[in-house]
Amino acid sequence: MSDDAIHDDSMNDNSMNDDLMNDDLMNDDLMNDDLINDNLMHENVTCQEALREVPAGLFGRTLNALQPDVDMNKIAGSHDILFICLDTLRYDVAAEEEAKGTTPVLNRYGPWEKCQAPGNFTYPSHHAMFAGFLPCPYDAKSIADRQPLFFPVNAGMGKRAPAGAFGFSGATIMEGLEKAGYDTWCVGGVAFFDKRSDLGRVFPGYFRHSYWNPSFACPVKDSTRNQVDFLLKKIEKADRSIPVFLYLNIDAIHYPNYFYLDGAVHDSLESHGAALRYVDGQLGRLFERWKSVRGSTFVICCSDHGTCYGEDGCQFHGINHPAVTTVPYKHFTL
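Numbering follows the numbering used here, in which position 151 of the sequence shown is assigned residue number 151; successive positions increment by one, without gaps.
Dropping the structure here:
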């Protein structure tokens, strides 16, 4: 696998096309005088009040009551941050493999937390997660029950981050961390990270460096091994004085996964679990070498959504079925 095949310069050419940013288009379509006419504005509403879109009493409770188990303000700058998405992993399968002891690497870092997914397929979930809205506790009754690691200060929830959360300005957590001195990397898996298409360049465009290769794709049985092999080479060359934020989209658990189970010809809950066991083995290599080469590292590991295998007549994902909207989550330090 050559670096040329997954080089990230393609992100720089088309993402800021002059036609898309033409001043006339911006003025005509987005800042029409009728839309901001003073007569349409509520009297005496300050700019700060206009930015608050969450009940102050509700979110204020979060600011005062949370007892976070990690302070991201101490992590940021002192640790690399690995955000690993086990794309499509169901909570029930993750919990079952954990209980059986068949995922020893992930088990080493504590139990899975049962959570609500930010969306029911990759695209909406990732837009939410990259803005700081990670999976939230399964029994959460309101936004106040979240314990955010990252807090977007311009999202209408106030300017003061909850205890332990890293407050950031900008469109994404990556942009916020870049302002704090991080280099940001993306290693994609599913087609939403395939930079050969316009849609596949959206998420990679949020990162300073982004990589995708056909050998990382869902139909490739050794996709996770190929991703880890690439990263192990990359970290050897990286400047160790600059902290790294890595997003890794692991797609082995996504359809198709039948080939991880001997004799299977169709995807099933059993092959879903077998795919997770394969991924667990590859993560062991990544964690061990990353810590050895890079030192202190904070890991966020979760799924973006689950999937259905016939439950209640449902198939695949992109629907709001509990098997889709319930996901595993954990964070830990290497």
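Just so it is clear, CB atoms sit at the ideal spot from N, CA and C, and this is done for glycine as well.
C-alpha gap between residue i and residue j, whole angstroms
i	j	result
Trp290	Gln227	14 Å
Val153	Ala144	15 Å
Leu20	Lys237	Because Leu20 sits at a pLDDT of 31, beneath the cut-off of 50, its placement in the model cannot be relied upon, and the point is left open.
Gly77	Ser296	10 Å
Asn27	Glu96	Confidence at Asn27 is low in this model, with a pLDDT of 39, below 50, so its placement is unreliable and the value that follows should be read with caution. Whole-angstrom Cα-Cα distance: 55 Å.
Asp251	Gly181	29 Å
Ser142	Val265	42 Å
Cys85	Leu134	11 Å
Phe166	Cys115	21 Å
Asp194	Gly284	26 Å
Phe192	Leu286	23 Å
Asn249	Gly188	5 Å
His126	Tyr206	11 Å
Arg294	Arg160	32 Å
Thr103	Glu270	14 Å
Val105	Phe298	15 Å
Phe245	Asp139	29 Å
Pro322	Asp92	10 Å
Met129	Cys301	12 Å
Cys186	Arg277	23 Å
Arg225	Leu232	10 Å
Which of helix, strand or coil DSSP assigns to residue i
i	result
Ala76	strand
Gln315	strand
Ser169	coil
Ile81	strand
Pro214	helix
Val153	coil
Asp71	coil
Tyr182	coil
Leu199	helix
Tyr255	coil
His266	coil
Asp23	The predicted position of Asp23 is uncertain, since its pLDDT is 36 and thus under 50; no value can be drawn from it.
Boundaries (first-last residue) of the alpha helix (DSSP H) holding residue i
i	result
Ile235	223-237
Phe130	122-130
Asp280	269-294
Asp92	91-100
Val105	104-107
Whole-Å CB distance - residue i paired with residue j, under 8 Å assumed
i	j	result
Lys221	Phe259	5 Å
Gly318	Phe121	4 Å
Trp112	Tyr329	7 Å
Gly110	Phe332	6 Å
Val190	Asp280	So it is not a contact: roughly 19 Å between Cβ atoms.
Leu89	Val327	7 Å
Ala155	Pro68	That belief does not hold up - the Cβ atoms of Ala155 and Pro68 are roughly 19 Å apart, past 8 Å.
Bounding residues of the beta strand (DSSP E) (the contiguous stretch that carries residue i)
i	result
Lys179	It is not in any beta strand (DSSP E) - Lys179 instead sits in the alpha helix (DSSP H) that spans 173-179.
Thr326	326-333
Asn249	244-250
Val299	297-302
Lys159	Here Lys159 belongs to no beta strand (DSSP E), and DSSP marks it neither H nor E.
Lys141	From DSSP, Lys141 is part of no beta strand (DSSP E); its letter is neither H nor E.
Chain B within 8 Å of residue i, Cβ atoms only
i	result
Ile253	Chain labels in this structure do not include chain B; a single protein chain is all it has.
Buried or exposed (CB count within 10 angstroms, at least 16 for buried), residue i
i	result
Gly310	exposed
Asn320	exposed
Gln282	buried
Leu149	buried
Ala99	exposed
Pro242	It is Ile, not Pro, that sits at residue 242 in the sequence shown. Its Cβ having fewer than 16 others within 10 Å, Ile242 is exposed.
Pro118	buried
Ser292	exposed
Pro204	buried
Gly273	buried
Gly313	exposed
Asp80	buried
Gly263	exposed
Arg108	exposed
Asp267	buried
Asp304	buried
Ser169	exposed
Ala275	buried
beta-carbon residue i near the ligand SAH non-hydrogen atom, thresh 7 Å
i	result
Phe316	Of ligands this structure carries none, so the ligand SAH is not represented either.
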